[in-house]
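Residue numbers (our numbering), protein chains in the order written: chain A, 2 to 294; chain B, 2 to 294.
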């Protein structure tokens, strides 16, 4: 999974010889200003792609900032691919701060006006799912995990996992059950969700308990993460000591039991059309007595 | 809101004079290895706080990596405050990638084993709320926004906003209504939620429609974001052309109307105790017919 960035990083520095200040200014004049795209919020984004000597870059940036200031621009975004990490320090020295980073790039931002910024916030939450899969014998699909907080506790728990970037919650639940147990399912409902804070670094966590209907029944467990998997009578699942001692687990187990008895209604997933994007958008809501639309 | 990082950034570079390779190695030997804290997943985290010359840092990092490799460590995390942006390039050249960034720091990571990494994913979602506040006359609190996608459309919409870092969804809904309209409310239920993708850069968006009960009725609108605010009969709100033409809005309006007629049950917010953290944790679920706990 590691990128080998060290080679390309060092070679692109060596490609440039030392330059004098006047040469730098001349080069900046020749090249002109940084290429930028405008957005709907009076902002501009510079997406750097090719290597550039720091001094040339700083000259271009200063000239461009001067123009954007005159034009009344507000937010200035600079996206630096990880191969151009040599430009991070100069951009920071010009007064930019970090906005967010992904594996392969760092986004920096500067707010020009002397007013509080209205820049969009960084992503704040990770999203996970727990899957409640119940068969017609009122048995629930449970696993014992090899790693993590449950290792060695002996607790039988619902299959869980992280929702990937760009993935729908309902799709993530189906995928995780298949990966961990080999069972094919159809998404049913979101039964409940939990929000926790400071779960990893400063980030928060949204965890959705999903009810799924099994389409297959023969378990083939994943060996790397799962120590054991089985169908367990729902009452036996609810009665585990761990579920009685931990309030969140106690509630979730009771909600699942209620659902298995037909006495609970969660949120169904409705695909909706949007004008802006070809990607799926789902609205999750209680569709009981909701046949008007 | 801008940090003035340029001064401190440049001064800490000038504080160091050029050094020879042998001096660098000697310094590294004197200082030893990088300070690191261990985690429960066979990982180590180095949190850099004081400025350090790049060459010294790289020597220490290489010696430390060698030790961690021998110890069977897996993930190596390096947290660089923005004041130490000069160390970003050397860390990348040693084979690290970006993991995430906040305004004031960049987190880099390297996975030592020759296996796929099991490092936690970056935060993937921003979270927002829309607030459905209805009074005893079956009037809903609506606003016209000065900026954003609704500017100039004439649409009366629910107050909306972004959930801040570390903020509970139920608290964010109450705060946004107070900020935009001056109305005091109590949180009632989450009526529905929507997941969209690619909403900003690569990130996804979770948007929660919350029903709130008003405790005050005199509107004092916020001038900077809100053009107008009023109490509007629910049917008039539902019948707006925009709400009929956009599927997601049509559903949400119908859900709100159902709720106003007492024919809809969403998810209530239950504070739950957790062992790990003093922060609030809420479980949101349908608590109708759920008095067992």
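From the three backbone atoms N, C-alpha and C, an ideal C-beta is built for every residue, glycine too. Quick caveat, the model's predicted, so the values are computed rather than measured.
Distance, Cα to Cα, residue i vs residue j?
i	j	result
residue 173 (chain B)	residue 232 (chain A)	40 angstroms
residue 60 (chain B)	residue 43 (chain A)	45 angstroms
residue 55 (chain B)	residue 88 (chain B)	6 angstroms
residue 136 (chain A)	residue 241 (chain A)	19 angstroms
residue 66 (chain A)	residue 152 (chain B)	28 angstroms
residue 101 (chain A)	residue 101 (chain B)	6 angstroms
residue 25 (chain A)	residue 57 (chain A)	Summary for residue 25 (chain A): the model assigns pLDDT 45, below 50, so the residue's position carries little reliability; its value from the coordinates is reported in the next sentence. Each residue's Cα considered, the two are about 5 angstroms apart.
residue 112 (chain A)	residue 286 (chain A)	39 angstroms
residue 212 (chain B)	residue 254 (chain A)	26 angstroms
residue 179 (chain A)	residue 217 (chain A)	10 angstroms
residue 154 (chain A)	residue 78 (chain A)	48 angstroms
residue 63 (chain A)	residue 96 (chain A)	11 angstroms
residue 45 (chain B)	residue 225 (chain A)	22 angstroms
residue 247 (chain B)	residue 275 (chain A)	7 angstroms
residue 295 (chain A)	residue 80 (chain A)	Since the first and last residues shown for chain A are 2 and 294, residue 295 (chain A) lies out of range.
residue 182 (chain B)	residue 220 (chain B)	5 angstroms
residue 203 (chain B)	residue 165 (chain A)	12 angstroms
residue 127 (chain A)	residue 148 (chain A)	20 angstroms
residue 28 (chain B)	residue 52 (chain B)	At residue 28 (chain B), the pLDDT of 48 sits below 50, so the modelled position is not reliable and the matter cannot be decided from this model.
residue 256 (chain A)	residue 192 (chain A)	7 angstroms
residue 214 (chain B)	residue 290 (chain B)	21 angstroms
residue 185 (chain A)	residue 249 (chain B)	30 angstroms
residue 168 (chain A)	residue 198 (chain B)	8 angstroms
residue 107 (chain B)	residue 107 (chain A)	9 angstroms
residue 205 (chain A)	residue 170 (chain B)	11 angstroms
residue 267 (chain A)	residue 150 (chain A)	28 angstroms
residue 265 (chain B)	residue 288 (chain A)	9 angstroms
residue 187 (chain A)	residue 243 (chain A)	28 angstroms
residue 22 (chain B)	residue 86 (chain B)	Only weak support exists for where residue 22 (chain B) lies, its pLDDT of 43 falling under 50; the value from the coordinates is given anyway. Cα-Cα distance, rounded: 22 angstroms.
residue 40 (chain A)	residue 222 (chain B)	28 angstroms
residue 47 (chain A)	residue 48 (chain B)	30 angstroms
Have a look at the options and flag the residue whose alpha-carbon is nearest the alpha-carbon of residue i.
i	options	result
residue 68 (chain B)	B:52, B:81, B:36	B:36
residue 163 (chain A)	A:199, A:155, A:177	A:177
residue 269 (chain B)	B:210, B:216, B:189	B:189
residue 121 (chain A)	B:118, B:252, B:201	B:201
residue 114 (chain A)	A:76, A:169, A:175, A:133	A:76
residue 144 (chain A)	A:227, A:260, A:33, A:283	A:227
residue 119 (chain B)	B:74, B:282, B:187, B:223	B:74
residue 210 (chain B)	B:222, B:175, B:243, B:223	B:175
residue 258 (chain A)	A:222, A:134, A:243	A:134
residue 271 (chain A)	A:262, A:261, A:33, A:282	A:282
residue 93 (chain B)	A:40, A:41, A:82	A:82
Here's the rule: buried if 16 or more other CB atoms are within 10 angstroms of the residue's CB, otherwise exposed. What is residue i?
i	result
residue 91 (chain B)	buried
residue 84 (chain A)	buried
residue 229 (chain A)	exposed
residue 50 (chain A)	exposed
residue 245 (chain A)	exposed
residue 72 (chain A)	exposed
residue 124 (chain A)	buried
residue 138 (chain B)	exposed
residue 160 (chain B)	buried
residue 146 (chain B)	buried
residue 131 (chain A)	buried
residue 142 (chain B)	buried
residue 116 (chain B)	exposed
residue 129 (chain B)	buried
residue 109 (chain A)	buried
residue 33 (chain B)	exposed
Under 8 angstroms by Cβ, that's how I've got residue i and residue j pegged, so tell me the actual separation to the nearest angstrom.
i	j	result
residue 140 (chain A)	residue 235 (chain A)	7 angstroms
residue 98 (chain A)	residue 104 (chain B)	5 angstroms
residue 252 (chain B)	residue 157 (chain B)	Contact doesn't hold; Cβ gap of about 17 angstroms is too wide.
residue 284 (chain A)	residue 195 (chain B)	5 angstroms
Members of the stretch 183–204 of chain B near chain A, C-beta cut-off 9 angstroms:
191, 192, 193, 194, 195, 196, 197, 198, 199, 200, 201, 202, 203, 204
Along the stretch 261–272 of chain B, where does the CB come closer than 8 angstroms to a CB of chain A? Name the residues.
264, 265, 266, 267, 268, 271
Selection of the stretch 156–168 of chain B by Cβ proximity to chain A, strictly under 9 angstroms:
163, 164, 165, 166, 167, 168
Beta carbons nearer than 7 angstroms to chain A: which residues of the stretch 233–248 of chain B have them?
248
For the stretch 128–147 of chain B, list every residue whose C-beta sits within 8 angstroms of some C-beta in chain A, in sequence order.
128
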